[in-house]
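Residue numbers (the working numbering), protein chains in the order written: chain A, 303 to 634; chain B, 3 to 312.
Remarks on the structure that follows.
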């Protein structure tokens with residue numbers, strides 16, 4: 303039985319005077335204990351909103367959440383705010399994108415860890431302070447006994463993100479959601495942080511949802527990958543299968559648009575034309591059709607369903623054929 | 003008077019600077035202020051004023067509440083004695099030692115200014131804090147109240163409040179001036195708290211299951227105080243001028259047992275042709291002190307502004 307089972311999750315933003323905006327559209331996925339699942343897509347694909355909906359962090363007014371988020375037998379969407387607050391930080395941890403703005407600038411890093419320990423573990427201040435030092439040590443911050451007393455602005459970017467991870471993992475949550483944890487960091491630091499996350503999660507039963515637009519992150523970390531477009535999952539596959547044989551034209555396009563070391567010199571990157579459209583036109587066709595090189599007449603008339611195919615799930619009328627993938631590579 | 007006329011736009015501008023800049027960065031801000039001549043002059047004037055008013059009763063050469071026979075004997079409608087041995091600035095219109103009264107009046111001015119500002123700060127922070135933390139209809143109701151207060155000219159409002167009391171006293175002035183400064187603090191704190199509510203670290207704290215109370219008092223409030231502290235300094239300058247204005251208009255404590263610059267200025271009017279210094283010195287004192295607080299406040303605002311931080 304999966305630890306987290308998200309079924310038919312939809313988030314519609316409603317505001318007076320504007321048309322309702324569907325940010326997440328019938329998304330279903332599951333995360334097993336110890337598994338790392340990636341949610342990949344460009345800005346506006348609904349990946350972050352999905353994570354906020356799972357955490358119950360969307361504003362009550364304006365955001366209309368439907369579907370089911372089942373965490374270890376508990377329906378999170380129907381929990382009261384109080385029960386939800388007891389779960390957050392204890393069972394569900396979250397690491398945010400920007401480590402500078404996600405830390406409270408007027409409180410020491412150590413206090414921000416011990417605060418959570420006191421809240422959920424019922425520890426007294428002394429125990430919690432000791433726990434904070436241990437956590438900082440665990441996330442690889444040198445001289446943790448000194449660093450606990452420092453303020454966020456005294457830490458470097460990488461160290462701030464480590465501190466943020468320490469806060470999120472302080473109570474050993476069973477599910478960790480990492481929302482673009484490396485986007486705001488230097489490339490060299492990015493690799494360190496990803497390794498840290500992998501090390502912390504590996505060998506434990508901690509499940510992780512990795513939200514990113516960076517396929518490199520996915521390649522290194524995730525067991526299973528969900529590619530999102532316009533609020534829907536368009537392709538789901540095991541990591542190696544997805545990279546070896548992307549079938550959805552969008553996934554295929556994403557992979558073709560990253561530079562590779564083994565590509566011949568002088569080869570051009572192939573961008574995906576256009577950008578995500580604001581309001582999602584899934585009604586009456588595929589949302590990706592306007593940008594899709596494979597689009598058929600049918601794609602503009604009938605919305606494709608997410609169907610199992612070839613050891614993966616695929617939402618496409620005219621997927622890229624495995625031969626074409628190989629051919630695309632040969633062309634390079 | 004201009005100082006209190008800062009309306010919403012100014013307040014919101016200050017509130018916008020609230021996102022960052024907290025206690026831990028106070029040292030950084032202090033360093034920056036020490037390099038600014040404006041800040042040093044402002045702080046110098048304020049420090050001098052505070053020290054003087056604290057020790058005034060001890061350094062005053064004469065008792066400010068005694069009418070001296072040597073002064074009174076020369077007092078006529080056309081002559082108020084000028085400087086003479088033992089009386090540095092001579093007599094005032096009643097035969098008191100003018101210099102001693104001027105000195106001791108600084109104490110009264112400081113007490114009224116500080117208490118009025120504290121009153122405005124406390125009530126304003128409660129209103130603004132509630133509005134910012136709770137939001138919704140509480141916010142709307144409190145802010146409409148604040149809007150009504152802001153829509154009246156500050157001095158007019160202060161006079162109206164002071165006029166509600168049967169007889170003028172020091173407390174009348176404090177309550178009137180304090181009430182007038184409530185809406186500024188309320189709006190400022192509310193704006194800063196709202197900005198904090200949308201901030202990443204408050205979302206992060208919420209995602210950790212931190213209690214609502216803790217989120218407000220540990221994560222939102224301390225990060226919202228910067229602009230409020232700055233405004234307190236600026237309000238102090240305004241309060242001193244307003245208190246003087248109310249005394250000048252006869253809404254303060256008229257007793258000669260109490261020396262106060264605004265009152266001194268008001269009473270000196272009638273003797274302006276005989277001895278203009280009687281009006282000049284209290285007026286100059288009010289201006290210098292108000293200027294000192296304004297310079298200090300403005301330079302504080304600049305150094306706490308995250309946009310100026312390197």
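Every residue, glycine too, gets a C-beta built ideally from N, C-alpha and C.
- Secondary structure at residue 429 of chain A: helix, using DSSP grouped into helix, strand and coil.
- Contact between residue 326 of chain A and residue 533 of chain A is confirmed by a C-beta separation of about 5 Å, below the 8 Å threshold.
- DSSP, read as helix, strand or coil, puts residue 366 of chain A in strand.
- Only those residues of the region 240-260 of chain B whose C-beta falls short of 7 Å from the nearest C-beta of chain A would be listed, and there are none.
- Flagged as an interface residue toward chain B: residue 408 of chain A, by a C-beta distance shorter than 8 Å.
- Using a 10 angstroms sphere on the CB of residue 385 of chain A, the tally of other CB atoms stays under 16, which defines it as exposed.
- Within chain B, the residues 210, 211 and 212 have their CB atoms less than 8 Å from the CB of residue 418 of chain A, given in chain order.
- For the C-beta of residue 374 of chain A, not a single chain B residue is nearer than 9 Å; the gap to the nearest is close to 16 Å.
- Judged by their CB atoms, residue 550 of chain A and residue 529 of chain A are nearer to each other than the 8 Å cut-off.
- In this structure, the alpha-carbon of residue 489 of chain A lies about 27 Å from that of residue 448 of chain A.
- When DSSP assignments are scanned along the region 132-215 of chain B, the uninterrupted stretches of alpha helix (DSSP H) that are 4 or more residues long and fall wholly within it turn out to be 138-153, 156-165, 172-199 and 202-209.
- Secondary-structure assignment with DSSP links residue 315 of chain A through a beta bridge to A:323 and A:365.
- Distance from the CA of residue 453 of chain A to the CA of residue 562 of chain A, rounded to the nearest whole angstrom, comes to 40 Å.
- Listed in chain order, the beta strand (DSSP E) runs fully inside the region 385-409 of chain A are 394-397, counting runs of at least 3 residues.
- Only those residues of the region 465-494 of chain A whose C-beta falls short of 7 Å from the nearest C-beta of chain B are listed: 469.
- Fully enclosed alpha helix (DSSP H) runs of no fewer than 4 residues occupy 446-449 of the region 442-467 of chain A, in order along the chain.
- Annotation: residue 196 of chain B to residue 189 of chain B spans about 10 Å, alpha carbon to alpha carbon.
- Contiguous alpha helix (DSSP H) elements confined to the region 56-108 of chain B occur at 71-74, taking only those with 4 or more residues.
- Ranked by Cα distance from residue 338 of chain A, the first of A:575, A:592 and A:526 is A:526.
- Rounded to the nearest angstrom, the gap between the Cα atoms of residue 328 of chain A and residue 480 of chain A is 21 Å.
- At a cut-off of 8 Å, the C-beta of residue 201 of chain B has a neighbouring C-beta in chain A.
- Its chain contains 601, 602, 603, 604 and 605 as the residues whose beta carbon lies nearer than 8 Å to that of residue 587 of chain A, once the 5 sequence neighbours on both sides are disregarded; these appear in chain order.
- Note: residue 531 of chain A is bridge-paired with A:534 in the DSSP secondary-structure output.
- For residue 509 of chain A, there is no enclosing alpha helix (DSSP H); the enclosing beta strand (DSSP E) has its first and last residue at 509-514.
- Annotation for residue 336 of chain A: no beta strand (DSSP E) segment contains it, and DSSP assigns it neither H nor E.
- Against residue 388 of chain A, the close residues of chain B are 211, in the order they occur along the chain (beta-carbon pairs closer than 8 Å).
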